[in-house]
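Numbered per the UniProt record's numbering, the sequence shown spans residues 1 to 157. Ideal placement from N, C-alpha and C gives every residue a C-beta, glycine not left out. In this text the structure is predicted, and so the values were computed from the model without any measurement. Presented below is the structure to which this report refers.
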Amino acid sequence: MRRCWGGLPTGAQGVEPWAEAFAGKRADADLRVTELRQEAEQARREQNRLAERHLRESVALRRQVLGSATPSTVSARAAGWRARAEQARHDLAQIEALPVAEAAQLVGELAARAEAERQAAERAQAAREARAAQLGRSRPSSDHGRTGLERDFGPSL
């Protein structure tokens, strides 16, 4: 009996730990449990492999769709588009509330304002590009204006 049960519990308090230990030993010895544990481990490895693949592919897709833009840049752009859409809805509500002649005048004013904003944005972009081009040029060398010997060996004594 001891060989089969591994001893008996002593007292009521020892029954639960003894039962858990006995059930664990029996489960470890059962081939079905061993096979299921191996299958579960294989499933975990496959799940990890798929998670890594998913991450790689999502990063590649984000790069393909967004280019070098970061998610924060995309969020900022989306916020700008939402703000412009809200402004357009507001402008449309104003236009619809006005008589035709006043609405036509407001449309002209809005178009002029939009054109001015577009031109200002173009000037700002050109200025940014000019600054970037200027910063991209090589800085003047400290050797500028010095002869070959001075450049190579320092100033003449």
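Residue i, DSSP secondary structure in three states
i, result
"Ala19", "helix"
"Val100", "helix"
"Asp30", "coil"
"Gly136", "helix"
"Gly11", "coil"
Span of the alpha helix (DSSP H) around residue i
i, result
"Thr70", "Counting along the chain, Thr70 falls outside any alpha helix (DSSP H), and DSSP gives it neither H nor E."
Cβ-based burial, residue i [other Cβ within 10 Å; buried from 16]
i, result
"Val15", "exposed"
For the region 103-110 against the region 82-95, do three or more pairs of beta-carbon atoms, one drawn from each stretch, fall closer than 8 angstroms, so that the two count as touching? The region 103-110, when compared against the region 82-95, does touch it at the 8 angstroms Cβ threshold.
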